[in-house]
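Trainee: Quick one: this structure, given as structure tokens, is what I'll be asking you about.
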Amino acid sequence: MNTDIENLFKDKVIGHPAGLFVLFFTEMWERFSFYGMRILLVLFLTAPIISDNPGWEWPREHALALIGTYASLLYLTPIIGGWIADKITGYRIAVVIGCLIMTLGHASMALETTSSFYIGLALLVIGTGFFKPNITSIISEMYKGKESKKDGAYTIFYMGVNAGAFFGMMLCGYLAENYGWPWGFGLAGIFMFLGMLQFWLAKNLFGNVGGKPSLKHVVEIPQNINEEAPKEQEEASSEEKLNPFTMLDKILIVLSSVGGLLYLFNDPLEKIEGTSLMPFEALGLSGSNFVVLFALALFLILLVTRISRYIPIVRDRIIAVSIFGVFTVFFFAFFEQSLGSMTLFARDYTDRTLVGNSAMVFKIVDALLTTLPLIIITWVLFLLVKKTFTKIGLSNVVLAIAFAGIWFLVIFRLVNKFTEEGHEIEATWFGILNSFFIITLAPLFSKWWESKYNPSAAMKYGLGLILLGLGFAILSYGASGIPSGAQTASVSIIFLILAYLLHTMGELCLSPVGLSYLSKLVPARMIGFMFGVWYLAIAVGQKAAGTMGGMIDKISEQYSLGTFFLIFTLIPMGVGLISILLNPLLKKLMHGVR
């Protein structure tokens, strides 16, 4: 295996193996298609049937119930996809399977019939399960024994994620809003397919890295970056070996999983179709709510009984991780409004028409925003081709075709923008702000985390949640003049831009931190289970985001849209303050891990 890793490090691009950039571009096209399609969902489902660009005219609550379930499932299937790759296919084959299934999903959605739409969503959920956990596992395997370079590798990879999201939302959104929904959904599928092809054709570069698992499956113990004595480590791991999953644990896992999945599927079914998988009432609750609360109770029993069987130091650390997990649920429940209620706010309540000087200034800024990142990424592509053309020429050709397509669409969009009188900003355009702010602010935040002023985990969580709340405070203020029940308004775009800025700063405080602390705090042999729990926390947050965003009509009719966003201001800020107050306790529970 080591020779394959050494070979990978022979062809370097910007100090990293060329293989990292093959993965960078694969991830970029996958995120392009993923975000490009996802930002269209709520707009397509709620667009009027009688309009220039007819949608399905669903009530917002119905659309967001479906989107919440879809987004939630995207974080659950990777648990299974990772296991299949570990045991059967290997990471590289799993990535190709994922890409292929997602390509079919996008193609299915472009047909726009009811059944093809649902089939498309299902295929995207399954494909993401294969793709998401395994592309990062290839990086992990590539950098075995070269841990010092791993942080830099993940930073570069993260840029690919954001570049893909940025161009996906911009171009799929532009085509869908101006030329029809099938164009947006179809474009996402085309680039997904090209991403798969360039990855598959580059397989010679990787040797056995990411290949099929050998029969003797070795569990890699992640580096634990803490100051423990070896004796304490041994004690913890020997104790932890005595904590296998009991029959009761397995029964609780199955029952809580089935209950949670029943709720996930039943919620949109109940709202959209008016039928229920659980047509009963218990303890004054609907069948759906009773089942999900029962599943949650079983899951908590599972967590508590497992944690209680560890030695005190390990137990305390897992309690700390679980508390961070609860904060993660709250964060994502509010942060993910960007693809739900905030996109609706952009379409229906924001003045997106610019004239005169403001239109020209926007066009220039938009042109720079679009072309500068594309020039940088094209330069990286050029360096990759120069290094690897003799080995993976066909893969390079496919990548070049994909980039030619992107450049064509970007120039086509800009020419159209500059030739039209005035300017109307697409509702999907605001979605790109998160990616843009991450790319520009991430270096500043990473410098902060490396300085002597690096805050503790609880302080970072608190700060992230408070910044999230402040973003909604700006939207609440911007929407304060909108009367109750109004379906349209003309609020300045500045409120949305500032909200996205604060939300991104909140995300940078919290999102990269969670997984890092998880790997430091959890004993090696429990890491798979806790990663599953972590994804579960995000999945719960995603579903909660859809459910809460779906209340936009009820709350804005009864009170006002300003009140709706005020609720989204107070809760995260309150939870953020709790995190800061718990700082001394969490530090104690973490036993010296920083």
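Start counting the sequence shown at 1; every next residue gets the next number (the UniProt record's numbering). All C-beta atoms, glycine included, are put in the ideal place defined by N, C-alpha and C.
1. Closest to Ser-579 by CA distance: which of Ile-126, Lys-250, Val-326 is it?
2. What are the partner residues of Leu-354, as DSSP defines its beta bridges?
3. To the nearest angstrom, report how far apart Ala-320 and Asn-416 are at their CA atoms.
4. Spatial neighbours of residue 597 within its chain, please: CB distance less than 6 Å, with the 5 preceding and 5 following residues excluded, ordered by chain position.
5. Buried or exposed for Met-247, please, with buried defined as at least 16 other CB atoms from any protein chain shown within 10 angstroms of its CB.
6. Taking just the CA atoms, how far does Phe-206 sit from Phe-345?
7. Between which residues of its own chain and Thr-343 is the CB-CB distance below 8 Å, once the five residues before and five after are set aside?
8. Using 8 Å for Cβ pairs, my map puts Ala-537 next to Glu-336. What's the rounded Cβ distance?
9. How long is the line joining the alpha carbons of Phe-418 and Leu-372, rounded to whole angstroms?
10. By a C-beta neighbour count over all protein chains shown, 10 Å radius and 16 as the cutoff for buried, is Val-533 buried or exposed?
11. Evaluate Ser-128 with the Cβ neighbour count: other Cβ atoms within 10 Å of its Cβ, from every protein chain shown; 16 or more gives buried, anything less gives exposed.
12. Please state whether the Cβ-Cβ distance between Arg-317 and Asp-249 is less than 9 Å.
13. Using three-state DSSP, classify Leu-285 as helix, strand or coil.
14. In whole angstroms, what is the alpha-carbon distance linking Val-329 and Val-575?
15. Quickly, what does DSSP pair Val-13 with across the bridge? List them, please.
16. Looking at the strands, I want to know which residues DSSP matches up with residue 595.
17. Apart from the five residues on each side of it in sequence, which residues of its chain come closer than 6 Å, Cβ to Cβ, to Phe-130?
18. Would Ser-358 be called buried (16 or more neighbouring beta carbons within 10 Å of its own) or exposed?
19. Please report how far the alpha carbon of Leu-264 lies from the alpha carbon of Asp-52, in whole angstroms.
20. Leu-255 and Ser-288 - do their beta-carbons sit closer together than 9 Å?
21. In the DSSP assignment, what are the bridge partners of Val-491?
22. Could you round the C-beta distance between Gly-485 and Ser-556 to whole angstroms and report it? I think they count as a contact, below 8 Å.
23. Got a sec, what are the start and stop residues for the alpha helix (DSSP H) His-62 sits in?
24. Examine the Cβ distances between the region 522–531 and the region 539–556 and report whether three or more of them are shorter than 8 Å.
25. Write down every uninterrupted run of the alpha helix (DSSP H) in the region 407–466 whose length is 4 residues or greater and which is fully enclosed by it, in chain order.
26. Need the endpoints of the alpha helix (DSSP H) that Trp-56 sits in, please.
27. Measuring straight from C-alpha to C-alpha, what distance separates Gly-19 and Arg-352?
28. To the nearest angstrom, report how far apart Phe-117 and Tyr-179 are at their CA atoms.
29. State the CB to CB distance for the pair Leu-384 and Val-125, rounded to an integer number of angstroms; the pair is presumed to be in contact (CB under 8 Å).
30. Work out the CA separation of Gly-469 and Pro-572 for me, nearest whole Å.
31. Using a Cβ-Cβ cutoff of less than 7 Å, which residues in the same chain neighbour Ser-294 once the five nearest sequence positions on both sides are dropped?
32. DSSP three-state call for Arg-315: helix, strand or coil?
33. How many Å lie between Thr-103 and Ile-190 at the Cα?
34. Taking three-plus beta-carbon pairs below 8 Å as touching, is the region 149–168 in contact with the region 435–445?
35. Count the other CB atoms within 10 Å of the CB of Phe-495; is the residue buried (16 or more) or exposed (fewer)?
Mentor: In terms of the structure at hand:
1. Val-326
2. His-423.
3. 53 Å
4. This structure gives no information on residue 597, because the portion of the chain shown stretches from 1 to 594.
5. exposed
6. 46 Å
7. Ile-39, Val-42, Leu-43, Ala-427, Thr-428, Phe-430, Gly-431
8. With 8 Å as the limit, Ala-537 and Glu-336 do not qualify as a contact, their Cβ atoms being about 13 Å apart.
9. 17 Å
10. Buried is the call here.
11. Strictly speaking, residue 128 in this sequence is Thr, with Ser absent from that position. Looking at its Cβ environment, which holds 16 or more other Cβ atoms inside 10 Å, Thr-128 is buried.
12. no
13. strand
14. 11 Å
15. His-16
16. This structure gives no information on residue 595, because the portion of the chain shown stretches from 1 to 594.
17. Taken in chain order, the residues that qualify are Gly-81, Ala-94, Ile-97, Gly-98.
18. exposed
19. 33 Å
20. no
21. Beta-bridge analysis with DSSP links Val-491 to Thr-350.
22. 7 Å
23. 60–73
24. no
25. 432–450
26. Neither: Trp-56 is in no alpha helix (DSSP H) and is coded neither H nor E.
27. Using only the alpha carbons, I get a separation of about 42 Å.
28. 19 Å
29. No, Leu-384 and Val-125 are not in contact; Cβ-Cβ is about 31 Å, not under 8 Å.
30. 5 Å
31. The residue asked about is misnamed: residue 294 is Phe in this sequence, not Ser. Cβ within range, chain order: Gly-259.
32. In the structure shown, Arg-315 sits in a helix (DSSP, three-state: H, G or I).
33. 7 Å
34. yes
35. Note on Phe-495: 16 or more other CB atoms within 10 angstroms of its CB, so buried under the neighbour-count rule.
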